[in-house]
Structure formats: C-alpha cells, structure tokens
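Listed in order, the protein sequences are those of chains Y, E, B and L. The first sequence maps to residues 445 to 726 in my numbering. The second sequence maps to residues 445 to 726 in my numbering. The third sequence maps to residues 445 to 726 in my numbering. The fourth sequence maps to residues 445 to 726 in my numbering. Cβ atoms here follow ideal geometry from the backbone N, Cα and C, with glycine treated the same way.
Protein chains: 4
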Amino acid sequence: MCRWLAYSGSSMLLDAVLYRPEHSLINQSLHARMGVETTNGDGFGIGWYSATAGNGDGTPAVFRDIAPAWNNRNLRELAAHVSSHLFFAHVRASTGSAIQQTNCHPFRHGRWLWMHNGSIADFPRLQRDLCLAVDPALFPAIEGSTDSEVMFYLAVTFGLDQDVPGAVARMAGLVERLGKEHGIAEPLQMTLAISDGEYLWAFRYSSGGAARSLFYSSRAETVRHLHPEVEYLREISDVSRIVVSEPLGDLPGVWNELPQASYTVIPSAPDRDWLPFVPEFR
Amino acid sequence: MCRWLAYSGSSMLLDAVLYRPEHSLINQSLHARMGVETTNGDGFGIGWYSATAGNGDGTPAVFRDIAPAWNNRNLRELAAHVSSHLFFAHVRASTGSAIQQTNCHPFRHGRWLWMHNGSIADFPRLQRDLCLAVDPALFPAIEGSTDSEVMFYLAVTFGLDQDVPGAVARMAGLVERLGKEHGIAEPLQMTLAISDGEYLWAFRYSSGGAARSLFYSSRAETVRHLHPEVEYLREISDVSRIVVSEPLGDLPGVWNELPQASYTVIPSAPDRDWLPFVPEFR
Amino acid sequence: MCRWLAYSGSSMLLDAVLYRPEHSLINQSLHARMGVETTNGDGFGIGWYSATAGNGDGTPAVFRDIAPAWNNRNLRELAAHVSSHLFFAHVRASTGSAIQQTNCHPFRHGRWLWMHNGSIADFPRLQRDLCLAVDPALFPAIEGSTDSEVMFYLAVTFGLDQDVPGAVARMAGLVERLGKEHGIAEPLQMTLAISDGEYLWAFRYSSGGAARSLFYSSRAETVRHLHPEVEYLREISDVSRIVVSEPLGDLPGVWNELPQASYTVIPSAPDRDWLPFVPEFR
Amino acid sequence: MCRWLAYSGSSMLLDAVLYRPEHSLINQSLHARMGVETTNGDGFGIGWYSATAGNGDGTPAVFRDIAPAWNNRNLRELAAHVSSHLFFAHVRASTGSAIQQTNCHPFRHGRWLWMHNGSIADFPRLQRDLCLAVDPALFPAIEGSTDSEVMFYLAVTFGLDQDVPGAVARMAGLVERLGKEHGIAEPLQMTLAISDGEYLWAFRYSSGGAARSLFYSSRAETVRHLHPEVEYLREISDVSRIVVSEPLGDLPGVWNELPQASYTVIPSAPDRDWLPFVPEFR
C-alpha cells in the first residue's frame with residue numbers, strides 16, 4: 445500500500461503542499477494513519493508539468509528514487525525550488541516487488557502521468573495474461589514489475605488518449621474478468637491519479653466495495669473562508685484542488701471523502717464534484 | 445535513535461537471529477516497540493568476524509547501506525550465507541545527520557567494531573572540542589559526521605586496546621565534562637556494543653539516569669530448558685549470548701534488562717552477568 | 445557490453461581473483477581493454493556457492509548493486525571475507541536498459557546462476573515474442589528488463605535442468621529464428637556463464653560469427669609451472685579454472701581464447717577443453 | 445580529479461549545455477580527454493539559482509547523487525525541465541574519499557556555491573590543522589571528508605562574503621604554508637568555481653605551476669559570429685559565459701584557456717577577461 449497526493453491549480457512551490465502541512469505526504473511516508481502500512485519507505489516519486497520548460501511538448505518531468513522520502517535531501521531541494529500548476533507525489537510501500545526506480549510512481553507515457561495505490565490480488569497469476577492484453581507496440585515500454593504499471597499500459601491500450609474514464613473502466617473490467625476466471629474473489633483494489641497536464645482525474649474503486657481511502661479538498665473559496673489563518677491555503681487559487689490518500693490535516697470542512705466507486709475530474713463541473721465509476725466488461 | 449543486536453557464541457548463520465525471530469531486528473527496523481522512533485529506516489549495517497577469512501589478521505567484515513534494512517535483498521542474501529561466531533547488526537534512525545555509509549554503524553578500527561544507540565545532546569556545540577581530543581593521528585580516520593563515530597575514536601584514543609571499560613569511562617567522562625561546561629544538562633545517552641573479535645562488551649548509560657533500553661539473553665542452558673520448542677535457540681551453544689535493544693520475542697525467562705549505568709562482558713564471569721559503569725573524569 | 449569472470453576450483457577468497465590480479469575484473473570495470481565500452485560502471489553483481497551455508501539446498505548467494513564496482517566498499521569487504529569453490533562476477537555497461545538490481549547479473553533461478561555479455565539485436569522488437577515463449581509459470585519470475593534475463597528463462601524453459609548445451613542451443617535457435625523473421629541480420633551476440641554449483645559452462649557465440657572475447661585459464665599445473673612466482677596461482681588447485689571476458693594479466697601461456705561458436709565445461713574432460721556450439725532450430 | 449562546468453548568462457535550460465554539446469560534461473563523465481582520470485563516475489552534482497523560487501532568500505538549489513552522471517535519469521529529467529541564469533555542474537572522480545552525497549560538489553553555504561577540481565597533496569596529514577583554522581562556528585557545517593569542502597569553509601572563514609579573490613588567496617596561502625611546514629613540495633592543485641548568485645568567479649592555480657585545465661567561452665557575440673549554425677549558442681545572451689574543465693567541442697575561437705595562476709569574474713570587465721591570482725600568506 446502507498447500514499448499519494450495530486451495537486452491542480454495555481455502554480456505553487458511543491459514544498460507548500462509536500463512538506464509544510466501538519467500531516468504532509470512526507471510525514472505520511474513515515475507515519476501514515478489510514479494506510480494498511482504505517483511506513484511508506486520503499487521509494488517515492490514526483491511528477492510535474494512545467495508551463496514553459498521541457499522540449500515544449502508538454503512532457504512532464506519525473507523524479508523517482510528508491511530511498512525513503514522522509515530523509516531525501518534531493519526531494520527537499522526540488523520541492524523548495526520547483527513550482528508547478530499540476531503535480532503528483534507518491535510514497536511507496538512495496539508488497540514484495542523489487543525496490544527500483546522503474547517500480548516507483550508516477551509512471552509516464554508521453555504527456556500522461558499515472559499513479560496508483562492498491563493492488564491486483566494474486567498479480568503473479570494474472571500478470572502474463574494482462575501483459576498480453578497490452579498493445580504489442582507498448583509492451584517494451586513496461587520497464588518495471590508492478591501491477592500499477594501494467595494497469596497504466598492497459599489503460600493506454602484501451603484509449604486513455606480519447607476517453608480517460610472509459611479507458612480506466614475497460615482496464616478495470618479486464619482485471620476483474622481475468623481475476624474471476626482465475627477464481628480470485630476480489631481482484632482489484634485501486635485509487636488512481638491520472639493527468640495529461642490539463643485535467644486531473646482521480647478514481648476510487650475496489651472489486652470488494654471497500655477501496656482505500658481518498659480525499660479531495662473543498663473549493664478554495666470555501667476553505668479560505670473557513671480557515672483564513674492557514675498559510676498554504678491562502679496561496680491557492682479558486683480553481684485549486686488537492687486529491688490525497690489521507691487528509692493533510694484536521695481542519696474541519698477542508699477534506700471530503702471521495703465515495704466508493706466514483707471518480708472526479710479537476711477542474712470539475714460547477715454543479716458536482718464526482719461521478720460514479722463502473723468497470724466495463726467486454 | 446536506533447536499534448541494534450550483537451551476538452557472541454557458537455558459529456551461526458546471521459539469518460537465524462536477524463530474520464527468523466518473531467520480533468527480529470529487521471522487523472524492528474520497521475516496527476520498533478521501545479524506541480523513541482518506531483521506524484529505523486535511515487540505513488543499516490552489519491559487521492562480523494570470520495574464523496578463517498580476511499587477511500588472517502582478525503579484521504572483521506563490515507557491510508553497510510543507506511537504504512532501509514527491511515527491503516534490502518543484499519542483506520537477506522548475506523544473512524542466508526554468512527556464518528559467524530561474533531557479529532553486530534544495527535538499524536539507524538537519523539536525528540538529522542546525513543544518510544551515508546560513513547554514518548552507518550558498526551564502525552571499525554583495526555580489529556574493533558563499535559555501534560551505538562543514543563546521542564550526545566547538542567552535538568554540534570561539542571563536536572569541535574570532542575574532535576580535538578581525538579589523537580591527531582586518528583583524526584583523518586573520522587569519515588562521517590555522527591557523534592557515535594567521534595565517541596569511538598575518543599575511546600580508541602583513551603586506551604580501548606588496553607582497557608575497554610576504562611576507555612569508555614574516560615570517553616563518557618569527557619563528554620559529560622564538556623557538556624556541562626556548555627551548560628548541557630544531560631549530555632550523554634548511550635547503549636554501546638564493542639568487540640575485538642574475542643569478547644563482546646555492552647554498555648548502558650545516560651547522564652540523566654534513563655538510558656535507552658538494552659537486554660541480554662539468559663544463559664543458553666536456561667533458555668533451552670524453558671523453551672525446548674524454539675528452533676533458533678536449539679542451535680545456540682552454552683556460551684552463546686545475544687545483546688539487543690529490545691527483546692526478539694515475548695518468551696518468558698529469555699530476556700533480561702541490563703540495569704541502568706552498567707556493562708556486561710561476554711563470555712561473562714560465571715558468577716555475575718554485569719558490573720556497574722561510572723564515567724571517569726580527568 | 446559487459447565484462448565477467450567465473451571461477452571453479454578449490455575454495456578461494458573472492459579477493460584473490462577479483463582484486464589482486466594486475467588486470468583484475470574490478471580494474472576492467474574502469475578500464476576494459478577489449479570491450480566495446482571501456483567503462484563498465486552501470487552496476488555489478490557477484491554470485492557464489494557455499495559449501496555449507498544457505499538453507500542447505502544449494503541455492504547460491506547473489507549480491508548485486510547499481511553502483512560501479514570500482515568504488516564499492518561492500519564488494520571489497522565481501523571479497524575479503526567470502527570464500528567459494530565456484531563463483532561469478534559481472535560488471536555491467538548498460539546499452540539503455542534501466543540501472544536497477546534486477547538488471548544486474550548474475551541472475552539466479554533455484555540452484556542456477558547465469559550471466560551474459562552481449563545482446564539481442566533490436567531487442568524491443570523481439571521482446572514480447574521471446575517472453576511469450578517462456579514457460580507461463582516462469583513469466584512472473586522475470587523481474588528486470590534485460591535481454592539477458594529473458595534468455596535465461598528461455599533456457600530454463602527449454603530444459604536447462606536436464607541438458608545445458610541443448611537448452612542454450614534451443615534458446616539461441618529461437619532468438620535467431622525470431623530475429624530473422626523480423627529481418628534482423630545478426631540477432632544474437634553472447635558470451636555466457638552458467639552453473640548449477642557443480643559444473644561451470646561457458647559459451648561463446650554470435651550470429652555474425654564474431655562473438656565478444658572469452659578466455660579460459662590453462663590447467664593449473666601448466667600455469668604454476670610457467671609462473672611459479674605468481675601468488676594467486678599458487679593457491680589454485682589442479683582442477684581450478686577461470687573463464688573471463690579478457691585476460692587478468694599478460695602472463696604467456698596462461699590464457700587461451702575460447703574459439704568462436706564453442707563452449708566449455710569445467711571440470712573438463714581430460715582430452716579436450718571445448719566443444720563446438722550450434723544453435724538448434726525447431 | 446574531476447570535471448566541472450559553470451554557466452552564467454541568460455536563463456537557459458540546463459540540458460542545453462549539460463547534454464547537447466558534442467563533448468558535453470555528461471559525456472566527459474564517461475570519456476574525459478584532459479583529466480588525469482578518463483572516467484568521472486564517483487558521483488555528481490548540480491547547483492542552480494532560481495529567479496523566483498526558494499524561500500525568496502537567494503539560496504540556490506543543490507542536487508547531488510553518488511551514482512555516475514551518465515546513466516542518471518533524474519539528472520536528465522531535471523536538465524530538461526529546470527532553467528537558470530547561473531548554474532554549476534560537477535562530475536567526480538574520487539581519489540579515495542568516500543562515495544557519499546556530502547562529498548559531492550557543489551557545496552553550498554547560505555547563498556554561496558563552491559566546486560573544485562584538484563586536491564590538497566597529502567590531505568590526511570594537513571586535515572586536522574586546516575579544520576582547526578575554520579571558524580569554530582562553521583566547524584559543524586563540514587559534513588563530508590573532502591579537501592574541497594574544507595577549502596570552502598576556510599574561504600568563508602577568511603571573508604568570502606566581503607572579498608572573494610582575497611578569501612581564496614588567504615585559503616590558498618594557508619594550505620601552502622601548512623603544506624610546506626609538513627615538507628610537502630606542491631601542496632595545492634585547484635580549479636575553483638564560486639558564486640553568490642550574481643557573479644561567477646573561477647580560479648586556476650597550482651603550487652607547482654601546472655594547474656589542471658580550465659577554459660572559458662568567448663563573448664557570445666564573437667561566438668555567434670563564428671558559428672551561426674550552432675543551436676545552443678544562439679540562445680545565449682551577450683553576457684553569457686561558460687567556464688569548464690575542458691572544451692565542450694572543437695569549434696575554433698570559442699574556447700580560451702584561462703592562464704595558470706589567474707582568475708576571472710563573470711560578468712567581466714569590458715577590457716580584460718582575467719586577472720592574476722597570488723596566494724596570500726599571513
């Protein structure tokens with residue numbers, strides 16, 4: 445199990461949400477409260493979109509390391525010097541797969557970033573069939589040995605470029621179908637963050653109905669009204685939102701649980717924060 | 445704060461005491477019960493004496509890494525293939541000093557191994573004076589930035605080769621004297637393991653009287669009698685002893701707390717397990 | 445391209461052949477003479493069989509790291525304290541695949557060790573088809589992203605347990621057949637070392653006929669006669685042999701080139717050092 | 445010995461000078477031409493000043509790693525996404541001191557960056573005396589074990605904040621005086637880059653008169669005139685300059701050797717590129 449955070453909004457120094465909050469993600473790497481594991485020390489990663497840099501093609505930057513996040517000086521340096529309007533951060537607790545950069549989240553393909561908390565139950569039994577369902581042209585792009593990366597390339601195969609919720613639904617449907625064919629009762633457990641640099645999607649779903657925790661911040665306007673004294677909230681624009689495995693603090697009114705079997709898109713529609721998510725079987 | 449284990453006795457695969465016990469040291473790296481920190485994920489180290497190998501000069505081997513112990517495959521490999529009659533293991537929780545091999549325990553000088561749990565309070569204020577008290581010929585041997593390593597070279601300077609308890613007492617006395625000159629109320633907090641490949645010394649002391657926990661195993665004869673069913677105890681010879689920051693399990697009668705301000709030598713005298721420890725001021 | 449060394453013979457400290465010779469493998473990691481690349485700094489690994497340790501099941505130990513071999517203190521410590529009658533060492537120069545432990549040689553499966561120098565040309569185009577040819581039960585055991593590891597599991601699939609030269613011939617035949625189906629002129633380039641803890645096999649083969657260099661040492665008797673002054677040779681028993689990518693020194697009469705398209709088994713038959721190798725197509 | 449590069453000028457993606465030139469610094473990490481060592485694979489570091497980020501206090505960012513630069517994916521990511529008007533990069537070849545982040549360049553103190561190629565001859569014999577000459581308040585800031593870092597803190601002690609050439613001259617004078625007292629013929633060998641975020645100083649000096657190579661680029665105007673076809677030169681403003689251990693390419697007229705015993709300041713005075721450097725003895 446892991447912990448992750450995704451931010452979308454006004455351009456902000458990563459430090460402001462990664463280190464400064466009371467129960468920050470970096471703090472969660474050492475002392476998670478809601479995770480299956482309290483320690484998430486098996487590597488970490490961040491990914492961010494730059495307004496101007498890169499090759500100008502919108503490819504996000506990815507920085508991943510196999511060491512724990514809490515003692516990593518390079519991460520602290522980057523967080524204090526890199527600003528972004530859309531960034532991901534992930535702290536990993538391996539359930540057995542190797543400790544290597546290619547198993548650290550976020551994963552990247554073209555302009556897409558992807559990170560995951562959860563697992564495919566009994567993954568070694570399903571791994572080969574899932575890999576075979578990946579577009580053969582994408583097969584060599586799978587560099588690591590995690591279920592999360594295979595899920596990503598399945599979603600790319602199933603049309604992530606055209607329809608994010610649809611591609612995720614078809615990926616989830618395949619995992620569930622194959623899982624059930626192998627007699628696995630609850631094949632899929634996931635919270636997901638996905639972005640193309642413009643929108644941020646977050647999903648919460650589990651075959652058994654009890655997905656890992658996932659929270660999104662209230663609209664900035666509401667939050668600032670409730671907590672005018674909190675520094676990092678003041679810098680957040682009206683369209684800014686944070687999605688995170690567990691709340692960054694205990695402020696009432698700031699954190700909302702994303703319901704089971706649902707997803708959100710940020711910036712979200714004015715009238716609703718989330719939509720239901722249902723796997724699609726073919 | 446850290447956790448450590450030292451073993452002296454019949455030659456044994458490291459795995460038997462590092463991984464197999466219920467609350468093993470590797471388990472303590474992730475879930476310590478008695479430490480100030482529950483996670484000891486800022487590097488680790490092992491040191492061992494070989495009966496036959498090395499250059500035949502008795503120099504122990506040291507293997508240290510900046511990654512957490514719990515997910516380290518190389519450590520697991522070594523533990524499953526290296527046997528020793530006297531070995532150390534240490535899992536580190538840094539209180540701010542850099543995550544680097546030269547800050548990982550055990551430290552080695554000639555045939556000596558040294559590892560430490562605790563700290564010198566306000567070390568940056570005392571560091572220069574303590575370093576100046578180290579034998580100038582040894583000064584360049586200090587490779588890292590920990591208080592623990594400086595304590596080691598002070599003890600070497602003060603006669604570790606001739607008189608272990610005396611050298612440690614003089615080191616502790618110097619730390620307390622300098623600490624008090626700088627207005628530090630409780631300068632020293634330590635549990636220490638020291639060996640020359642023949643004997644194993646362990647110390648427990650704190651200026652304030654409340655040193656970190658330290659336990660030693662009962663005589664093997666007693667232990668086997670109490671717990672004939674426990675596998676790793678069966679392999680232990682009559683002279684085998686384990687000293688460890690916190691017990692490896694909950695078996696009654698196996699683990700004895702080393703009293704505050706005391707030390708033990710293994711193999712120990714037949715009639716007493718420990719002696720009082722008092723810093724020596726000069 | 446990489447450099448490797450395999451030793452079989454009387455039990456010997458790894459240091460004696462890894463560090464002490466004039467042009468040792470560790471030296472080759474920094475200054476290879478015959479390799480395509482002069483620097484082999486993208487990770488390293490050693491594997492060794494213990495007479496007594498492990499779980500008593502003959503599983504060899506593997507120690508791998510993503511750092512260069514030449515500056516690795518842990519490797520130097522192990523080499524000075526671990527003895528073995530059969531060990532492998534490998535220094536890696538990546539041609540693009542990730543720098544991670546699971547891409548470092550030697551690879552292990554059960555009691556088998558495997559290491560490789562060379563490459564499958566245009567591997568990304570063949571990777572999926574090759575992976576599909578691996579026994580589905582072994583598919584999840586592939587942890588890294590190298591051609592070398594896939595070649596290993598293909599050989600296991602094709603009967604390594606029963607017939608080493610046959611399994612390697614079938615693996616090579618498959619690579620060549622698939623390569624040619626994809627229009628790749630010279631699909632395979634390899635020197636291989638393989639062991640089960642009892643025998644050591646080494647192969648040299650290239651589809652184009654110009655395989656990377658590979659040398660084996662002369663019978664110890666001959667060598668000692670020629671060079672009575674060389675220390676590390678004196679310790680070698682009559683059955684001891686070293687196979688290595690490039691000679692460990694310039695002593696005349698010590699190093700023999702393994703011919704193109706051939707393999708050797710150690711201990712070898714009294715009357716011949718090598719046999720021809722021909723891929724097997726099915 | 446090491447290789448380094450410092451850039452000052454218009455804000456530029458690090459990639460443009462670190463990776464794109466024909467004989468880039470990253471290429472020099474694997475194949476230096478003019479260094480004592482051809483491989484600089486014992487860690488690397490970059491440091492950069494941000495126009496806007498950090499805590500707004502002008503502290504530069506530092507990113508250092510113990511792995512080789514040539515295979516480091518994180519470095520490539522940062523180089524492709526971070527822009528700066530003043531940045532340093534360094535690839536290290538250790539002459540024995542530990543491979544750890546705190547021994548990697550650049551070093552930072554407040555708003556200052558410092559990097560070094562060269563060495564203090566027989567450093568272990570001088571180390572203690574040099575450390576004692578460091579301002580006691582700065583002593584605990586020395587985290588590593590290199591001569592380079594001690595030289596930095598000596599320069600800070602001797603007034604780097606007020607007078608860079610004077611502070612460096614006094615540091616060099618102390619090294620030479622102590623060296624000669626210990627009978628060391630040629631105590632100091634250095635090329636240095638120093639910055640406060642506004643100016644860039646580079647020094648070339650050796651006690652024996654033959655300092656390591658150091659080059660600075662011609663004025664941008666001249667360079668663009670000579671080589672209108674070279675992409676990375678087109679982006680450089682008129683005040684942009686690169687100082688580097690060895691030229692980034694073979695373009696005639698672009699690279700000028702900084703004379704022995706001299707230093708340069710960038711932006712430089714209109715009428716001269718460098719000034720003589722003489723150690724100052726007290």
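**OP:** Spell out whether any CB of chain B is found under 8 angstroms from the CB atom of Ser589/E.
**Re:** no
Subject >> Proximal residues of chain E, C-beta to C-beta of Ala542/B below 8 angstroms >> reply: Those do not exist, as Ala542/B stays about 16 angstroms from chain E at its closest Cβ, beyond 8 angstroms.
**OP:** Indicate whether Phe596/L and His553/L have their beta-carbon atoms separated by less than 8 angstroms.
**Re:** yes
Original post:
Can you name, in chain order, every residue of its own chain whose Cβ lies under 6 angstroms from the Cβ of His549/Y, other than the five neighbours on each side?
Top reply: Gly489, His534, Met559
Original post:
So what does Val535/Y bridge to, in DSSP terms?
Top reply: Arg447/Y, Phe488/Y
Original post:
DSSP beta-bridge partners for Trp514/L?
Top reply: Paired residue(s): none; Trp514/L is not in a bridge.
Original post:
For Ala577/B, which three-state DSSP category applies?
Top reply: In the structure shown, Ala577/B sits in a helix (DSSP, three-state: H, G or I).
**OP:** Please classify Ser639/E: is it buried, with 16 or more other beta-carbons within 10 angstroms of its beta-carbon, or exposed?
**Re:** Under this definition Ser639/E is a buried residue.
**OP:** Using three-state DSSP, classify His529/B as helix, strand or coil.
**Re:** strand
Original post:
Taking 8 angstroms as the CB-CB limit, is Thr539/L close to chain E?
Top reply: no
**OP:** From the DSSP output, read off the bridge partner residues of Tyr707/Y.
**Re:** Phe647/Y, Leu719/Y
Original post:
Going straight from the alpha carbon of Gln545/L to that of Asp486/L, what length do you get?
Top reply: Cα-Cα distance, rounded: 10 angstroms.
Original post:
In its own chain, which residues sit with a C-beta less than 6 angstroms from the C-beta of Val526/B, not counting the 5 before and 5 after it?
Top reply: Leu458
Original post:
Looking only at its own chain, which residues have a Cβ that is under 6 angstroms from the Cβ of Arg656/B, when we skip the five neighbours before and after it?
Top reply: Sequence-distant partners of Arg656/B (beyond 5 residues in either direction) whose C-beta falls short of 6 angstroms from its own C-beta, in its chain, are Asn561, Gly562, Thr635.
**OP:** Give the secondary structure of Ile470/E by DSSP, where H, G and I count as helix, E and B as strand, and everything else as coil.
**Re:** helix
**OP:** Output the residue ranges of the beta strand (DSSP E) runs that lie fully inside the segment 535-569 of chain Y and measure 3 residues or longer, sorted by chain position.
**Re:** Fully contained in the segment 535-569 of chain Y are the following beta strand (DSSP E) runs of length 3 or more, in chain order: 551-553, 556-564.
Original post:
Where Thr482/E and Ala505/E are concerned, what is the direct C-alpha to C-alpha distance, given to the nearest angstrom?
Top reply: For Thr482/E and Ala505/E, the distance between alpha carbons rounds to 28 angstroms.
**OP:** Can you give me the Cβ contacts of Ser452/B inside the same chain, cut-off strictly under 6 angstroms, excluding the 5 residues immediately before and after it?
**Re:** Within the same chain, Ser452/B has close Cβ partners Leu530, Leu644, Arg685, Ile710.
**OP:** List the endpoints of the continuous beta strand (DSSP E) containing Tyr660/L.
**Re:** 659-661
**OP:** Look at the alpha carbon of Gly588/L and the alpha carbon of Tyr660/Y, and state the distance between them as a whole number of angstroms.
**Re:** 43 angstroms
Original post:
Any Cβ of chain Y within less than 8 angstroms of the Cβ of Asn518/L?
Top reply: yes
Original post:
Taking buried to mean at least 16 other C-beta atoms within 10 Å of its own C-beta, is Leu576/E buried or exposed?
Top reply: exposed
Subject >> Nearest candidate by alpha-carbon position, reference Asp694/L, set Ser455/L, Ser681/L, Ala581/L, Pro465/L >> reply: Pro465/L
**OP:** May I have the straight-line CA-CA distance separating Tyr493/E from Glu521/E, to the nearest angstrom?
**Re:** 17 angstroms
Original post:
Exposed or buried, Gln606/E, counting other C-beta atoms within 10 Å across all chains shown (16 or more means buried)?
Top reply: exposed
Original post:
In chain E, which residues lie with their C-beta within 7 angstroms of the C-beta of Ala476/B?
Top reply: The premise fails here: Ala476/B is roughly 25 angstroms from chain E at the closest Cβ pair, so nothing lies under 7 angstroms.
**OP:** Give a yes or no on whether the minimum CB-CB distance between His534/Y and chain L is below 8 angstroms.
**Re:** No, His534/Y lies away from the interface with chain L (no Cβ there is under 8 angstroms from its Cβ).
Subject >> Cross-chain neighbours of Ile531/L in chain Y, by beta carbon under 7 angstroms >> reply: Correcting the residue type first, residue 531/L is Phe in the shown sequence and not Ile. The contacting residues do not exist; Phe531/L stays about 11 angstroms from chain Y at best.
Original post:
Shortest alpha-carbon distance to Arg668/Y belongs to which of Pro691/Y, Pro696/Y, Arg648/Y, Ala654/Y?
Top reply: Pro696/Y
Original post:
When burial is assigned at 16 or more other CB atoms within 10 Å of the CB, is Gly498/B buried or exposed?
Top reply: Its pLDDT being 46, under 50, Gly498/B is placed unreliably by the model, and nothing is read from it.
Original post:
When burial is assigned at 16 or more other CB atoms within 10 Å of the CB, is Glu620/L buried or exposed?
Top reply: buried
Original post:
Residues of chain B with CB under 8 angstroms from Gln511/L, in chain order?
Top reply: According to the sequence as given, residue 511/L is Ala; it is not Gln. When 8 angstroms is used as the limit between beta carbons, Ala511/L is near these residues of chain B: Ile510, Ala511, Ile543, in chain order.
Subject >> Distance between Met456/L and Leu462/L (C-alpha atoms, nearest Å) >> reply: 11 angstroms
Original post:
Mapping DSSP to helix, strand and coil, what is Phe619/L?
Top reply: Before going further, note that residue 619/L is Val rather than Phe in the sequence given. Looking at Val619/L - three-state DSSP - the assignment turns out to be helix.
**OP:** Would you give the residue range spanned by the beta strand (DSSP E) that Thr635/E belongs to?
**Re:** 632-639
**OP:** Output the boundary residues of the alpha helix (DSSP H) element that contains Val688/Y.
**Re:** No alpha helix (DSSP H) holds Val688/Y; the beta strand (DSSP E) holding it covers 685-688.
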